[in-house]
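Peer 1:
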Amino acid sequence: MTADAADRTDLAALAVKPILHGPTIRLVPLDERHTDPMWELCADETTNRLTGTRTVFTRDRIHQWCTTRAEQPDRLDLAVEDPATGRFLGETALTDVDPDNSSASFRIALAPDCTGRGIGTETTLLVLRHAFGTIRLNRVHLEVFEYNERAARSYRKSGFTLEGRARQAHHWDDRYWDVLQMAALRDEWLATH
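Position 49, counted from 1, in the sequence shown is what numbering that gives the first Met the number 0 calls 48; the numbers after and before it change by one each time, with no gaps.
What follows is the structure in structure tokens.
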């Protein structure tokens with residue numbers, strides 16, 4: 000069965016870096032001004048544990064990353080900000096876009112003092128609305144470690160469904176942890192959101 004033109008994924012939409020507004024946050028294109036708070040986020044031990052990040056980043060590398068995100072036509076990198084103050088609250092991205100299957104991977108990392116306040120759920124909902132409504136992806140997927148229960152709850156609340164579990168696939172804190180695989184599908188998500 001072929002998708003009609005209105006339902007086809009618009010990969011060109013990935014080249015347009017939007018500003019997305021929610022009730023308490025805004026998502027803006029990640030750029031040079033986010034270098035220092037992004038570097039702090041990447042150096043935070045709790046954030047690294049929750050995201051499984053083992054790489055130690057230099058400020059120069061983070062600066063180069065932030066300043067080149069707008070040039071990437073095949074992914075979307077956004078900073079989460081407080082709309083009143085412009086304060087950096089975290090970052091989110093759609094990556095690993097697969098045009099043949101109309102899918103992408105989702106990730107989010109929030110500053111440690113921004114968790115547990117609904118910011119992650121609001122961010123995820125904004126990104127999914129853009130992914131399914133504007134880019135017209137069919138599927139957005141993610142992986143979350145079993146010890147990150149707060150994130151898994153937020154993903155479920157945002158419309159992700161648990162699809163599988165890679166048993167003992169992640170080693171952290173001297174033990175092996177399961178990796179949960181979750182996804183949201185366009186038709187299901189649009190029907191409920």
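Think of the CB as a built atom: it goes at the ideal place given N, C-alpha and C, for glycine as much as any other residue.
1) Counting along the chain, where does the beta strand (DSSP E) carrying L189 start and finish?
2) Which residues in the same chain have their Cβ closer than 6 Å to the Cβ of N137, if we skip the five residues on either side of it in sequence?
3) In angstroms, rounded to a whole number, what distance separates the CA positions of D172 and L161?
4) Can you look up Q71 in the DSSP assignment and give me helix, strand or coil?
5) Below 8 Å between beta carbons: does that hold for L40 and G115?
6) Which parts of the region 35-81 are runs of the alpha helix (DSSP H), unbroken and 4 residues or longer, counting only runs that do not cross its ends?
7) Give the range of the beta strand (DSSP E) segment to which A103 is assigned.
8) What did DSSP end up calling G85 once you bin it into helix, strand or coil?
9) Mapping the DSSP letters down to three states, classify V126 as helix, strand or coil.
10) Check whether the Cβ atoms of L75 and L13 sit closer than 8 Å, and answer yes or no.
11) Would you kindly check if the distance between the Cβ of I24 and the Cβ of D81 is under 8 Å?
12) What whole-angstrom Cβ distance do T123 and I107 have, given they're in contact under 8 Å?
13) Let's test the definition: count the other Cβ atoms within 10 Å of the Cβ of T45 and tell me whether it reaches 16, buried, or not, exposed.
14) Cutting at 8 Å between CB atoms, please list the residues of its own chain near T66, excluding the five before and the five after it.
15) My output table needs one value for F131: the three-state DSSP class, helix, strand or coil.
16) Using CA coordinates, which residue listed in L10, M37 and E187 is at the minimum distance from P111?
Peer 2: Checking against the coordinates, here is how it stands:
1) Start at 1 with the first residue of the sequence shown, and residue 189 comes out as number 190. That residue, L189, is in no beta strand (DSSP E); its alpha helix (DSSP H) goes R185 to T191.
2) To locate residue 137, count along the sequence shown from 1; it is residue 138. So the list reads S101 and R185, once near-sequence residues are dropped.
3) On the sequence shown, position 173 is the one that residue 172 refers to. On the sequence shown, position 162 is the one that residue 161 refers to. Straight through space, the alpha carbons of L161 and D172 are spaced by roughly 24 Å.
4) Taking the sequence shown and counting its residues from 1, one reaches residue 71 at position 72. Looking at Q71 - three-state DSSP - the assignment turns out to be coil, as it is neither helix nor strand.
5) One-based indexing of the sequence shown puts residue 40 at position 41. One-based indexing of the sequence shown puts residue 115 at position 116. It is not a contact, given that the beta carbons lie outside the stated cut-off.
6) 44-50 and 58-67
7) Start at 1 with the first residue of the sequence shown, and residue 103 comes out as number 104. For A103, the enclosing beta strand (DSSP E) stretches over residues S102 to L109.
8) To locate residue 85, count along the sequence shown from 1; it is residue 86. Coil.
9) Residue 126 sits at position 127 when you count from the first residue of the sequence shown. If DSSP states are grouped into helix, strand and coil, V126 belongs with the helices.
10) Sequence index remark: in the sequence shown, residue 75 carries index 76 (1-based). Sequence index remark: in the sequence shown, residue 13 carries index 14 (1-based). Contact: yes.
11) The residue given as residue 81 occupies position 82 in the sequence shown. The residue given as residue 24 occupies position 25 in the sequence shown. Note that the C-beta distance between D81 and I24 is below 8 Å.
12) Position 124 of the sequence shown, counting from 1, holds the residue named residue 123. Position 108 of the sequence shown, counting from 1, holds the residue named residue 107. Yes, they are in contact, since the Cβ atoms of T123 and I107 sit about 6 Å apart, within 8 Å.
13) Here the question's residue 45 lines up with position 46 in the sequence shown. Under this definition T45 is an exposed residue.
14) In the sequence shown, residue 66 corresponds to position 67, counting from 1. Excluding sequence neighbours, T66 sits near D30, E31 and T34.
15) Within the sequence shown, numbered from 1, the residue matching residue 131 stands at position 132. Three-state result, F131: helix.
16) The residue given as residue 111 occupies position 112 in the sequence shown. Selected option, being the one with the closest Cα: M37.
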